[in-house]
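One point on numbering: in this note's numbering, the residue at position 107 of the sequence shown is 377, and numbering is uninterrupted.
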Amino acid sequence: MKKLITLFVTAIFSVTAIADEGMWQPHQLPIIAKQLKKAGLKLNPNDLTDLTGFPMGAIVSLGGCTASFVSDKGLVVTNHHCAYGSIQYNSTEENNLLEQGFLAKKYDQELQAAPGSRVYVTESITEVTKQMKSGLKDDMTGNQRYQHIDSQSKKLVAECESDKAYRCSVVNFHGGLEYYLFKQLTIRDVRIVHAPAKSIGKYGGDVDNWMWPRHTGDYAFYRAYVGKDGKPADYSEDNVPYEPKHHLKVNAKGVDDGDYIMVLGYPGSTNRYRTSEEVINTFTKSYPLTKELMGSMIQDIKDNSAVGSEARIKYESMLAGLSNYEKNRGSMMESYQKGTTEERKVKLNKDLRKWVKAKKSRQQQFGNSIEKLDELVKQSEKTAKRDTLLGYINYASQMMSTASRLHRLAVEKQKEDMQRERGYQERDMNRFTQGMKRINRRFDAKVEMPLVFNLMNRYAQLPNDQRIAEIDRFFSLDDGYNPDKLKSKLAEMYEKTELDKESVRLAWMEKSVADFEKSSDPFIQYAVKTFEARQKLEMQGKEESGQFSEVRPQYMEAIIAYNQSKKLPVYADANSTLRITYGNVKGYSPVDGMRALPFTTLEGITAKDTGVWPFNSPAKQLELIEKKEYGNYYDKKVGSVPVNYLGTLDITGGNSGSPTLNNKAELVGLVFDGVYESIIGDWDYDPTYNRSIHTSVPFMLWVMENVDGAENIIDEMTIVK
Ligand code: ARG
Numbered sequence: 271m272k273k274l275i276t277l278f279v280t281a282i283f284s285v286t287a288i289a290d291e292g293m294w295q296p297h298q299l300p301i302i303a304k305q306l307k308k309a310g311l312k313l314n315p316n317d318l319t320d321l322t323g324f325p326m327g328a329i330v331s332l333g334g335c336t337a338s339f340v341s342d343k344g345l346v347v348t349n350h351h352c353a354y355g356s357i358q359y360n361s362t363e364e365n366n367l368l369e370q371g372f373l374a375k376k377y378d379q380e381l382q383a384a385p386g387s388r389v390y391v392t393e394s395i396t397e398v399t400k401q402m403k404s405g406l407k408d409d410m411t412g413n414q415r416y417q418h419i420d421s422q423s424k425k426l427v428a429e430c431e432s433d434k435a436y437r438c439s440v441v442n443f444h445g446g447l448e449y450y451l452f453k454q455l456t457i458r459d460v461r462i463v464h465a466p467a468k469s470i471g472k473y474g475g476d477v478d479n480w481m482w483p484r485h486t487g488d489y490a491f492y493r494a495y496v497g498k499d500g501k502p503a504d505y506s507e508d509n510v511p512y513e514p515k516h517h518l519k520v521n522a523k524g525v526d527d528g529d530y531i532m533v534l535g536y537p538g539s540t541n542r543y544r545t546s547e548e549v550i551n552t553f554t555k556s557y558p559l560t561k562e563l564m565g566s567m568i569q570d571i572k573d574n575s576a577v578g579s580e581a582r583i584k585y586e587s588m589l590a591g592l593s594n595y596e597k598n599r600g601s602m603m604e605s606y607q608k609g610t611t612e613e614r615k616v617k618l619n620k621d622l623r624k625w626v627k628a629k630k631s632r633q634q635q636f637g638n639s640i641e642k643l644d645e646l647v648k649q650s651e652k653t654a655k656r657d658t659l660l661g662y663i664n665y666a667s668q669m670m671s672t673a674s675r676l677h678r679l680a681v682e683k684q685k686e687d688m689q690r691e692r693g694y695q696e697r698d699m700n701r702f703t704q705g706m707k708r709i710n711r712r713f714d715a716k717v718e719m720p721l722v723f724n725l726m727n728r729y730a731q732l733p734n735d736q737r738i739a740e741i742d743r744f745f746s747l748d749d750g751y752n753p754d755k756l757k758s759k760l761a762e763m764y765e766k767t768e769l770d771k772e773s774v775r776l777a778w779m780e781k782s783v784a785d786f787e788k789s790s791d792p793f794i795q796y797a798v799k800t801f802e803a804r805q806k807l808e809m810q811g812k813e814e815s816g817q818f819s820e821v822r823p824q825y826m827e828a829i830i831a832y833n834q835s836k837k838l839p840v841y842a843d844a845n846s847t848l849r850i851t852y853g854n855v856k857g858y859s860p861v862d863g864m865r866a867l868p869f870t871t872l873e874g875i876t877a878k879d880t881g882v883w884p885f886n887s888p889a890k891q892l893e894l895i896e897k898k899e900y901g902n903y904y905d906k907k908v909g910s911v912p913v914n915y916l917g918t919l920d921i922t923g924g925n926s927g928s929p930t931l932n933n934k935a936e937l938v939g940l941v942f943d944g945v946y947e948s949i950i951g952d953w954d955y956d957p958t959y960n961r962s963i964h965t966s967v968p969f970m971l972w973v974m975e976n977v978d979g980a981e982n983i984i985d986e987m988t989i990v991k
């Protein structure tokens with residue numbers, strides 16, 4: 271009986287390993303070539319391993335989102351929600367591009383994307399595990415280990431970046447079991463070409479976000495520009511469109527139920543191999559806390575900026591991010607409470623321990639990495655709440671984070687470039703400057719102050735032994751906490767600071783530590799007076815991270831060997847690097863007794879529409895639907911123009927904007943979301959609920975042609991009819 275059950279479980283999992291589950295690294299594709307062919311891929315799977323060939327050469331990262339080239343003149347398609355920050359950046363109360371949408375009919379009408387926007391084209395991926403691990407010794411402290419790994423990585427990066435057109439990075443896989451060096455052409459002049467109105471691009475807003483059925487036109491277009499010599503350059507009128515070697519053809523027919531589809535993109539992070547201790551802590555402590563914090567911050571922004579006001583526009587981007595993740599965490603907590611994640615994770619840890627203990631050779635190889643890891647996790651949980659709060663304060667307060675970063679830059683500049691902290695080397699200065707400029711359209715003291723008060727107020731109520739004496743002293747929290755006193759201290763700081771001016775921020779980039787120490791700007795004083803205390807925290811963090819980097823790889827080795835013995839799929843957790851996932855167009859059953867169809871249609875938009883945001887389609891669109899003017903995009907099987915569709919692809923945040931490709935690698939959609947029930951998949955993948963949501967190419971083209979008059983862009987793309 272027991273044996274039979276094991277066999278059965280194995281069988282189910284080998285089926286899921288054939289499709290759906292897995293975010294595969296390009297070099298792994300030959301290993302799963304048979305499955306890819308069987309699933310319906312018409313290309314040679316080996317072709318997908320060639321990063322500079324077709325179709326990989328057409329896939330780009332935006333840093334946090336994915337996109338792809340769709341013309342030989344550097345036209346890039348991604349999600350509306352990925353271009354949101356740039357559309358927001360160019361919006362004002364009088365000319366609100368989020369509301370109206372934007373279309374450049376000619377190159378010279380295109381708008382600069384938000385400062386710091388980049389298009390990254392990955393040109394090579396090289397395994398560097400040996401180089402990274404050479405010189406590591408068993409008796410190193412966490413800090414020594416951290417420093418060693420850091421300096422090995424800096425050396426490899428510096429070598430790789432000898433050509434300034436490239437940005438390189440060393441990324442660890444399986445928690446440091448393997449390391450790879452990524453070399454990316456980095457395009458710095460990025461412009462907005464077209465975005466539909468928010469009432470199409472974000473139709474359904476936060477009500478529909480993470481939900482099916484969905485009716486969102488989540489697409490937008492950028493263009494990548496380079497200098498006349500073809501090399502990446504800062505923005506200049508003289509720059510010319512980048513000409514990529516490869517771009518995707520766009521299939522105007524889209525897909526049918528059951529069709530093979532795949533997504534090539536840059537998924538951010540998943541946690542599929544965490545210990546049960548980590549899982550329990552995250553779902554019972556960390557997520558409830560962060561969900562609550564995000565909810566309260568959303569409220570602060572709404573309370574302190576009227577809809578459509580200049581202040582609100584400045585915070586639309588932060589608001590979208592907070593709302594997105596607040597709902598994300600809520601779904602995960604719900605699934606966790608209803609489901610069996612905890613039970614199964616606990617059981618897995620037990621089984622894994624048993625499996626290791628069962629053989630001497632395994633004991634020797636994997637040691638007591640499971641126990642050690644559990645120990646480390648428990649240790650880092652002790653100050654988790656404080657660390658989370660400090661992290662959120664830094665995120666919410668651009669004045670505090672800017673002052674700290676500027677001061678740190680002065681400190682780091684005293685060292686040789688290779689000795690400087692990451693983010694403060696010469697290679698980072700362009701980005702650093704852009705970061706200082708971005709604040710112009712993203713800051714309003716009327717909003718930031720209540721956000722900071724909210725978070726500091728929580729910090730002030732932590733038990734004494736968790737607090738940082740220097741921070742307490744600076745805000746006078748040490749002699750009996752008085753919220754009103756904190757409020758007036760903050761008000762005074764925002765009143766007095768000059769860091770809200772771009773020229774002032776940029777000037778500080780050139781100043782010395784002594785200049786900072788003499789400054790009377792209250793935020794600079796904060797940075798100076800709390801510097802040592804924050805350094806101490808940073809060192810503790812590095813010590814911890816170094817300890818993890820010793821234990822986690824060994825633990826992962828055990829997990830991998832265990833999974834292989836059970837024929838479970840083995841692929842690395844997402845880490846913002848290029849991956850491939852494949853599967854089919856397919857509906858699902860979200861709850862007992864209900865089946866969700868794989869397609870939504872134009873008529874569904876009309877049915878949902880209330881005329882009030884977020885269900886306020888442009889009148890022109892509703893009219894066209896009413897008259898059944900489907901144009902060239904009618905799909906007989908769905909009886910309309912397909913708007914969004916479901917797929918079985920294994921994706922997560924960061925995959926947003928990724929091209930959905932058919933079996934010939936033609937563009938048939940843009941992946942932009944996952945269904946509510948699948949969000950916990952980042953920790954606990956379940957094939958029954960895992961569904962990706964895609965904007966259909968026919969819908970995108972239909973709106974562009976009929977609602978927005980964006981024929982110039984359609985003409986620029988290679989359309990397959
Ligand atoms: N859930 C999507 C993602 O994480 C973002 C969708 C943005 N839309 C919205 N209504 N907030 O990629």
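For glycine and all other residues, C-beta sits at the position ideal for the given N, C-alpha and C.
Residue i vs residue j beta-carbon contact at 8 Å
{"i": "Phe723", "j": "Lys755", "result": "no"}
{"i": "Ala490", "j": "Ala467", "result": "no"}
{"i": "Pro502", "j": "Ala435", "result": "yes"}
{"i": "Gly927", "j": "Leu940", "result": "yes"}
{"i": "Gln422", "j": "Gln454", "result": "no"}
{"i": "Ile531", "j": "Thr930", "result": "yes"}
{"i": "Gly405", "j": "Pro823", "result": "no"}
{"i": "Val520", "j": "Leu919", "result": "no"}
{"i": "Asp480", "j": "Gly944", "result": "Checking the sequence shown, residue 480 turns out to be Trp, not Asp. Contact flag set, yes."}
{"i": "Glu380", "j": "Ile301", "result": "no"}
{"i": "Gln633", "j": "Lys624", "result": "no"}
Extent of the continuous alpha helix (DSSP H) run through residue i
{"i": "Arg632", "result": "630-636"}
{"i": "Gly661", "result": "654-666"}
{"i": "Val913", "result": "Where Val913 is concerned, there is no enclosing alpha helix (DSSP H), although the beta strand (DSSP E) it sits in stretches over 912-917."}
{"i": "Ile550", "result": "546-551"}
{"i": "Phe723", "result": "715-729"}
{"i": "Leu622", "result": "611-627"}
{"i": "Val975", "result": "The sequence shown places Glu at residue 975, not Val. Counting along the chain, the alpha helix (DSSP H) containing Glu975 begins and ends at 967-976."}
{"i": "Leu345", "result": "Leu345 -> not in any alpha helix (DSSP H); beta strand (DSSP E) instead, spanning 345-348."}
Minimum C-alpha distance to residue i - residue among the options
{"i": "Ser815", "options": "Glu772, Gln401, Ser650, Ile794", "result": "Ser650"}
{"i": "Met970", "options": "Leu769, Gly901, Ile921", "result": "Gly901"}
{"i": "Tyr512", "options": "Val330, Asp644, Asn594", "result": "Val330"}
{"i": "Lys759", "options": "Cys430, Met719, Lys788", "result": "Met719"}
{"i": "Thr703", "options": "Glu787, Thr322, Ser773, Ile830", "result": "Ser773"}
{"i": "Ile875", "options": "Leu311, Glu364, Asp478", "result": "Asp478"}
{"i": "Ala337", "options": "Asp529, Val389, Thr322", "result": "Val389"}
{"i": "Thr411", "options": "Glu369, Val821, Tyr825, Val973", "result": "Val821"}
{"i": "Asp621", "options": "Leu373, Gln305, Ala828, Phe942", "result": "Ala828"}
{"i": "His418", "options": "Lys403, Thr362, Lys617", "result": "Lys403"}
With 16 other Cβ atoms within 10 Å as the buried cut-off, status of residue i
{"i": "Thr946", "result": "Residue 946 is actually Tyr in this sequence, not Thr. Burial call: buried."}
{"i": "Asp978", "result": "buried"}
{"i": "Met987", "result": "buried"}
{"i": "Tyr377", "result": "exposed"}
{"i": "Met602", "result": "buried"}
{"i": "Val340", "result": "buried"}
{"i": "Asn366", "result": "buried"}
{"i": "Asn845", "result": "buried"}
{"i": "Val440", "result": "buried"}
{"i": "Val577", "result": "exposed"}
Bounding residues of the beta strand (DSSP E) (the contiguous stretch that carries residue i)
{"i": "Leu931", "result": "929-931"}
{"i": "Met688", "result": "Counting along the chain, Met688 falls outside any beta strand (DSSP E), and DSSP gives it neither H nor E."}
{"i": "Ala803", "result": "Here Ala803 belongs to no beta strand (DSSP E); instead the alpha helix (DSSP H) covers 792-835."}
{"i": "Gln569", "result": "Segment 557-573 is the alpha helix (DSSP H) holding Gln569; no beta strand (DSSP E) there."}
{"i": "Ile738", "result": "Per DSSP, Ile738 belongs to no beta strand (DSSP E) and is neither H nor E."}
Query raised in the report: For the stretch 560-567 against the stretch 592-599, are there 3 or more C-beta pairs whose distance is under 8 Å?
Result: yes
Requested in this report: Flag this pair as touching only if the stretch 907-927 and the stretch 842-856 have three or more C-beta atom pairs under 8 Å; answer yes or no.
Outcome: yes
Query - Segment contact flag, the stretch 638-649 with the stretch 690-698, C-beta cutoff 8 Å, min 3 pairs - result: no
Query raised in the report: Any contact of the stretch 902-916 with the stretch 475-487, i.e. 3+ C-beta pairs under 8 Å?
Result: yes
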